[in-house]
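> 25 is the number of the first residue of the sequence shown in our numbering; add one for each residue after it. Could you have a look at this structure, given as structure tokens, before my questions?
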Amino acid sequence: DAERFLHDGGFDASKRYFLTAANARDTIVVIDTKTGILVKKIKEGVGATPHPGRGANFMHPKFGPVWSTSHLGDDSIALIGTDPKGHPDNAWKVVESIDGHGGSSLFIKTHPKSTNLWVDAPLNSDEEVYQSVSVFDVNNLDKGPEIIPVAKWAGLNEGAKRVVQGEYNKAGTEVWFSVWNGKAQESAIVVVDDKTRKLNKVIKDKRLVTPTGKFN
């Protein structure tokens, strides 16, 4: 009843509703985990090939609680209202779409203690794009993103150096990015201060072979 080929997904802020991407259908599917019922198939406003990872929840200053996804097929970021009781007019639809710094994104991240929204683009064809990430202030989305040169900070010599999957530490003070390189090349993890958006630390080790996910 949902949609074919459900891929990545995550819970809304209330942890009741699960939103997951049917990325080949350009659709986000909403499931009520309390009742087990399909709530909505969201198509209008969703970009090309959504790829949310777990998605990113934050409080939008105008539309209330939203869950967000970036896309593989274009540079848009779709914000979906997730509060059917407090903001019923905004629930289960794309309330706003903003532009990232490039398409071919895999992960979008924020933290309850942060006002930053981080978006990667590791599969983009433009080196300048896939070696960097964009970061938005969720309280001022109209300002647009700041572009952070993560791969440059890594200080690696050779390789594509694709930046992927920012993950917060538990405290929400740091964001850890993987810098992908080939098996025979040096990779790294770059730790960014979430408040200042500046470099904290570069981690290099021969055991880091094309690192991707990072978990607390």
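The beta carbon of each residue, even a glycine, is placed where N, CA and C say it ideally should be. All figures in this text were calculated on a predicted structure; none of them were measured in a lab.
Counting along the chain, where does the alpha helix (DSSP H) carrying V54 start and finish?
As a working mapping, residue 54 is identified with position 30 in the sequence shown. It is not in any alpha helix (DSSP H) - V54 instead sits in the beta strand (DSSP E) that spans T51 to D56.
> Is the distance from the Cβ of G124 to the Cβ of P76 below 8 angstroms?
Counted from its first residue, the sequence shown places residue 124 at position 100. Counted from its first residue, the sequence shown places residue 76 at position 52. In this structure, P76 does not lie closer than 8 angstroms to G124 by Cβ.
> Cβ atoms of W200 and K11: under 8 angstroms apart, would you say?
No answer is possible for residue 11: it lies beyond the span of the chain, which begins at 25 and ends at 240.
> If contact is defined by three or more beta carbon pairs under 8 angstroms, each pair taking one atom from either stretch, is the region 65-75 in contact with the region 98-107?
Segments in contact, yes.
> Looking at the unbroken beta strand (DSSP E) that takes in K219, where does it start and where does it end?
Here the question's residue 219 lines up with position 195 in the sequence shown. That residue, K219, is in no beta strand (DSSP E); it is neither H nor E in DSSP.
> Tell me the residue span of the alpha helix (DSSP H) that contains K70.
Residue mapping note: residue 70 aligns to position 46 of the sequence shown, counting from 1. Per the sequence shown, residue 70 should be read as Val rather than Lys. Run containing V70: none; DSSP gives neither H nor E here.
> Give me the Cα-Cα distance between P85 and F42, rounded to the nearest whole angstrom.
Stepping through the sequence shown from its first residue, residue 85 is reached at position 61. Stepping through the sequence shown from its first residue, residue 42 is reached at position 18. Distance between the alpha carbons of P85 and F42 is about 23 angstroms.
> Name the residue from K137, D113, T139 and E151 whose alpha carbon lies nearest to the alpha carbon of G127.
The sequence position of residue 127 within the sequence shown is 103, counting from 1. When only C-alpha atoms are compared, the closest one is E151.
> Using C-beta distances below 6 angstroms, list every residue in its chain close to A175, excluding the 5 sequence neighbours before and after it, in chain order.
Your numbering for residue 175 matches position 151 in the sequence shown. Once the five neighbours on either side are set aside, the close Cβ partners of A175 are Q155, K185, V187 and V203.
> Work out the CA separation of I171 and K67 for me, nearest whole Å.
For the purposes of this step, residue 67 is identified with residue 43 of the sequence shown, where counting begins at 1. For the purposes of this step, residue 171 is identified with residue 147 of the sequence shown, where counting begins at 1. So the alpha carbons of these two residues sit roughly 29 angstroms apart.
> Do R40 and T51 have their C-beta atoms within less than 8 angstroms of each other?
Start at 1 with the first residue of the sequence shown, and residue 40 comes out as number 16. Start at 1 with the first residue of the sequence shown, and residue 51 comes out as number 27. Their beta carbons are not under 8 angstroms apart, which means R40 does not touch T51 by this criterion.
> In chain order, what residues of the same chain lie with their CB nearer than 6 angstroms to the CB of L165, ignoring the 5 residues before and after it?
For the purposes of this step, residue 165 is taken as residue 141 along the sequence shown, with counting starting at 1. Once the five neighbours on either side are set aside, the close Cβ partners of L165 are I122.
> Can you give, in chain order, each stretch of the beta strand (DSSP E) that sits fully within the region 149-232 and has at least 3 residues?
The region 149-232 contains these whole beta strand (DSSP E) runs: 157-161, 170-172, 186-192, 198-204, 212-217 and 223-227.
> When the Cα of W207 is compared with those of L232, I213 and E191, which residue comes out closest?
Counting from 1 along the sequence shown, the entry for residue 207 is found at position 183. The identity of residue 207 in the sequence shown is Lys, whereas the question assumes Trp. Checked all of L232, I213 and E191; the closest Cα to K207 is L232.
> Considering only DSSP beta bridges, list what D123 is partnered with.
What you label residue 123 is simply residue 99 of the sequence shown in a count that begins at 1. DSSP lists S100 as partners of D123.
> Just the C-alpha distance for I104 and T236, rounded to the nearest angstrom, thanks.
The residue given as residue 104 occupies position 80 in the sequence shown. The residue given as residue 236 occupies position 212 in the sequence shown. If you take the alpha carbons of I104 and T236, they lie about 27 angstroms apart.
> Around the Cβ of N163, are there at least 16 other Cβ atoms within 10 angstroms (buried) or fewer (exposed)?
Here residue 163 refers to the residue found at position 139 of the sequence shown. Classification of N163: exposed, given that the 10 Å Cβ count is below 16.
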